[in-house]
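S.K.: Line by line, the protein sequences are chains A and B. Per the numbering used here, residue 9 is the first one in the first sequence, and the count goes up by one each step. Per the numbering used here, residue 9 is the first one in the second sequence, and the count goes up by one each step. Cβ atoms here follow ideal geometry from the backbone N, Cα and C, with glycine treated the same way. These numbers come from a predicted model, not from an experiment.
Number of protein chains: 2
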Amino acid sequence: MPRPLFVSFQGGGAGQWHVDRIGAVRGDGLAPVDRLRVAESTGVPPVGVWTLRGVTSNERYVERRERSALSAVQQPLGRDSARCAALIPISKSDEWWDLTQDERRAIFEDQAHHIAIGLDYLPAIARRLHHSRDLGEPFDFLTWFEFAPEASAQFDDLLGRLRATEEWAYVDREVEVRLSR
Amino acid sequence: MPRPLFVSFQGGGAGQWHVDRIGAVRGDGLAPVDRLRVAESTGVPPVGVWTLRGVTSNERYVERRERSALSAVQQPLGRDSARCAALIPISKSDEWWDLTQDERRAIFEDQAHHIAIGLDYLPAIARRLHHSRDLGEPFDFLTWFEFAPEASAQFDDLLGRLRATEEWAYVDREVEVRLSR
């Protein structure tokens, strides 16, 4: 488990990713931009139209048997074939944050099958979760996905299944940023 | 569950708390200072000799039955009678951070009885945990304790019991800062 990694997602006129579309799934959206820059370090100056920051932290819900299953098939970011990406910033409601660890875990996996759903799309869809709530950011989590163009329909299917879970009833803001390079 | 609260602990020549002593329990200590300032907000300029920052986050291990037990007896910070305080910065080893949530929880409570030990000293000793690891800080956690002078022996007893747990085998740096006002 490496040290936490700070990542800034900067929407504006520059960056390695072209923004294909930005949709407000629930609550307020984000201002339209042409490009997205992903910078993996602290102290990145907030250039561009908006900057969202997060940190890859330790896993909060994954148990040993699940980590083993995930590790066996998941792929790193940055594959040459991964010409498509998505950034999904979400916030969860006060009701979610008022739950205790056992209650959140029960919704997360035993009921929502969040981890099991993600497993169905490996290795095609690579994923990295960033925590933002404790940084005082407007969103609680930023999830970054990378996949080949031919996996785009699979990715839409993954999003649809996650949004249908009980866990998603606690999401009170969600934006979908679709990207290509 | 309130929003995360940023707190800066600034060791130097100013602040509401007098530093009685600073001890390095494991690993490197902290530079000696006369006073400690506790500032509850973001963007506090790093004055003084050292500044440690943390954020009160959501609970990571406490389950519903435990939160109920804690809530029934725990007291807020800032009681008039609480003329003594302690700041205990700790870091845990890579081995700890490489464990999964279920494994950490098992050590935290089922084996170490961390929560149960804390309950034994309520309401005399008030406590607030601050998370620092995801802020890129030198310590992983900063725990702040407040108590009346007559509870000092109880506090020493609490520290001794926590340090004897299996969980503490994963602590690779610990400093004890004892304070009064």
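Check H138/A in the structure and name its three-state DSSP category.
M.R.: strand
S.K.: Are the beta-carbon atoms of S16/A and R91/A separated by less than 8 Å?
M.R.: no
S.K.: Skipping 5 residues on each side, what residues in its chain have a beta carbon closer than 7 Å to that of R29/A?
M.R.: R186, listed in sequence order.
S.K.: Use the C-beta contact count for A172/B: other C-beta atoms within 10 angstroms, 16 or more gives buried, fewer gives exposed.
M.R.: Looking at its Cβ environment, which holds fewer than 16 other Cβ atoms inside 10 Å, A172/B is exposed.
S.K.: Hey, quick one: how far does the beta strand (DSSP E) through L187/B stretch, first residue to last?
M.R.: 179-188
S.K.: How do the segment 58-71 of chain A and the segment 34-44 of chain B stand: do at least 3 beta-carbon pairs fall below 8 Å, yes or no?
M.R.: no
S.K.: Whose Cβ in chain A lies nearer than 8 Å to the Cβ of F14/B?
M.R.: Contacts between F14/B and chain A, judged by CB atoms closer than 8 Å, involve G144 in chain order.
S.K.: List, in order along the chain, the chain B residues whose C-beta lies closer than 8 Å to that of R68/A?
M.R.: R68, Q109
S.K.: DSSP beta-bridge partners for E154/A?
M.R.: A93/A, A134/A
S.K.: Distance check for F163/B and I123/A, CA to CA, integer angstroms please.
M.R.: 42 Å
S.K.: Spatial neighbours of A161/B within its chain, please: C-beta separation below 8 Å, excluding the five flanking residues on both sides.
M.R.: Cβ within range, chain order: n/a, list empty.
S.K.: Please confirm if S101/A has its CB atom under 8 Å from at least one CB of chain B.
M.R.: no
S.K.: Report the residue from H138/A, A177/A, S49/A, G56/A whose alpha carbon sits nearest the alpha carbon of R112/A.
M.R.: A177/A
S.K.: May I ask you to list, following chain order, the residues of the segment 53-65 of chain A that have a beta carbon less than 7 Å from some beta carbon of chain B?
M.R.: V63, S65
S.K.: Of all the CB atoms in chain B, is at least one closer than 8 Å to the CB of W152/A?
M.R.: no
S.K.: Need the endpoints of the alpha helix (DSSP H) that W58/B sits in, please.
M.R.: Going by DSSP, W58/B is part of no alpha helix (DSSP H) but of the beta strand (DSSP E) stretching over 58-64.
S.K.: Checking the sheet assignment: what are the DSSP bridge partners for I30/A?
M.R.: Under the DSSP definition of a beta bridge, I30/A partners with V185/A.
S.K.: Which chain A residues are close to V174/B, counting only those with a beta carbon under 8 Å from its beta carbon?
M.R.: The sequence as given places Glu at residue 174/B; Val does not occur at that position. The premise fails here: E174/B is roughly 17 Å from chain A at the closest Cβ pair, so nothing lies under 8 Å.
S.K.: What would DSSP say about A39/B, mapped onto helix, strand or coil?
M.R.: coil
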